[in-house]
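Structure first, then comments.
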Amino acid sequence: MHAGLEHYLTVSFLLFSLGLLGVILRRNLLVIYMSLELMLNAANLALVSFSRFNDNLNGQVLVFFIITVAAAEVSVGLALIVALYRRRQSAHVEDLTTMKL
Amino acid sequence: MDSLQNLIPETMLPDMMFYVFAGLTLGFGILVVANPFSRNPVTSAMFLVLAVISMAGLFVLLHAFFLAAVQVIVYAGAVMVLFLFVIMLLDIKDEQKRKIKKGFLLAGLLSVGTIAGLFIKGLHATRLDAHPSPTTEGDTALLGKLLFGQYVLPFEVVSVLLLVAMVGVILLSKKDLK
Chain R
1 MHAGLEHYLT VSFLLFSLGL LGVILRRNLL VIYMSLELML NAANLALVSF SRFNDNLNGQ
61 VLVFFIITVA AAEVSVGLAL IVALYRRRQS AHVEDLTTMK L
Chain V
102 MDSLQNLIPE TMLPDMMFYV FAGLTLGFGI LVVANPFSRN PVTSAMFLVL AVISMAGLFV
162 LLHAFFLAAV QVIVYAGAVM VLFLFVIMLL DIKDEQKRKI KKGFLLAGLL SVGTIAGLFI
222 KGLHATRLDA HPSPTTEGDT ALLGKLLFGQ YVLPFEVVSV LLLVAMVGVI LLSKKDLK
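So this is what it looks like as structure tokens:
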């Protein structure tokens, strides 16, 4: 079996679904964050494979930017989690319901 | 080594490596999200490191060498160390096993399954007549030329974004937040 574009895309889709499942089902804020990272990585894989199979480097430049933005996002998000933990002593989404109607 | 080369023709090797790395990435991904043995966030973080590294292997197979290196350095290095720092800083005990409501589990699995099904169905419905071309190498020189030529404005904007993130993090982590 020759590994073509559709194989890479399938892996990317499965990984994205896995990340989504983690975001929906897990209740720990940190694990939800890790699942988000998994989803971003899946998008990166799709971009790189498109870039490779369509003879175009722009996709790889986009991945470069995504990695940078993901790093910024992680730092801000983790700072928020630390600030929340200081107030509530919990990193559990079920304990963070102040904004619930 | 010689017998191995006889066993596997050289053209087959990248494809086999694809299956190895894809399986590793998905397996470690499953262990990040739903580890049957441990609910500890540290375990999840360690498996995320492994998933990211095996994805770097996939990048190498796609001839994106620079991105593979960046992936290992930035993700597996910097981002995951940040994660581990925060986990240890918060000193989270093992997540006590809270019952996940059956309805939640069912709804989550159903929605994710639907989305995954849509993805795969869409992939099969599309005719992809793309083929790998030997000209697209993840060449650092070419990538650098693109980054500092055509994409120089986004590059600068991203650097400002990093600065903003840094200022925001310092502000957020002050003890007495006004």
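First to last, the sequence lines map onto chains R and V.
So in our numbering, spot 28 of the first sequence is number 28, and the numbers just go up one at a time.
So in our numbering, spot 8 of the second sequence is number 109, and the numbers just go up one at a time.
Ideal Cβ placement from N, Cα and C applies to all residues, glycine included.
Small disclaimer: the values here were computed from a predicted structure and weren't measured.
Collapsing the DSSP output to three states places HIS7/R in a helix.
Take the alpha-carbon of MET117/V and the one of GLY124/V: they are about 11 Å apart. In this structure, PHE122/V lies away from LEU168/V, with their beta-carbon atoms at least 8 Å apart. When rounded, the separation of the alpha-carbon atoms in LEU25/R and LEU206/V is 7 Å. At a cut-off of 8 Å between beta-carbon atoms, VAL93/R makes no contact with chain V.
Taking 8 Å as the cut-off, the beta carbon of SER90/R is found no closer than this to the beta carbon of ALA42/R.
When secondary structure is reduced to three states using DSSP, HIS2/R falls in the coil class, being assigned neither helix nor strand. Going by DSSP, GLY245/V is part of the alpha helix (DSSP H) stretching over 241 to 249. Between the C-alpha atoms of ALA79/R and GLY22/R there is a straight-line separation of about 21 Å. If you ignore the 5 residues before and after LEU62/R, its C-beta comes within less than 7 Å of the C-beta of LEU47, all in its own chain and listed in chain order.
For the region 123 to 192 of chain V, the continuous alpha helix (DSSP H) assignments of 4+ residues that do not extend past its boundaries occur at 142 to 162, 166 to 171, 181 to 191, in sequence order. When CB distances to chain R are screened at a threshold of 8 Å, the residues of the region 155 to 169 of chain V falling below it are MET156, LEU159, PHE160, LEU162, LEU163, HIS164, ALA165, PHE167, LEU168, in chain order.
Judged by DSSP in its simplified three-state form, ASN56/R adopts coil rather than helix or strand. Within chain V, no residue has its CB atom less than 9 Å from the CB of ILE66/R, the nearest being about 10 Å off. The beta carbon of THR10/R falls within 8 Å of a beta carbon belonging to chain V, placing the residue at that interface.
Within the DSSP secondary-structure output, ASN28/R pairs in a beta bridge with HIS92/R.
Scanning PRO142/V, PHE184/V, THR126/V for the CA closest to the CA of MET156/V turns up THR126/V. Interface with chain V (8 Å Cβ-Cβ cutoff): ALA46/R is excluded. By the 16-neighbour rule on beta-carbons within 10 angstroms, SER51/R is buried. Residue-level contact check: ARG88/R does not touch chain V, since none of the beta carbons of chain V fall below 8 Å from its beta carbon.
At a C-beta separation below 8 Å, VAL187/V has these neighbours in chain R: LEU30, LEU78, ILE81, VAL82. CA-to-CA, the gap between LYS222/V and LEU211/V works out to about 16 Å. Taking the beta carbon of VAL173/V as reference, no residue of chain R falls within 8 Å; the closest one sits roughly 11 Å away. Pairing LEU183/V with LEU114/V, the inter-Cα distance amounts to about 36 Å.
Counting only residues of its own chain and dropping the five nearest sequence neighbours on each side, ALA70/R has a CB closer than 6 Å to the CB of LEU40.
C-alpha of PRO137/V to C-alpha of THR68/R: approximately 32 Å in a straight line. If you check the CB distance, ALA152/V and SER17/R do not come in under 8 Å. Scanning its chain for C-beta atoms nearer than 8 Å, with the 5 sequence neighbours on each side dropped, one finds around PHE129/V the residues PHE148, LEU149, LEU151, ALA152, SER155, in chain order. For PRO142/V, the nearest beta carbon of chain R is closer than 8 Å to its own beta carbon.
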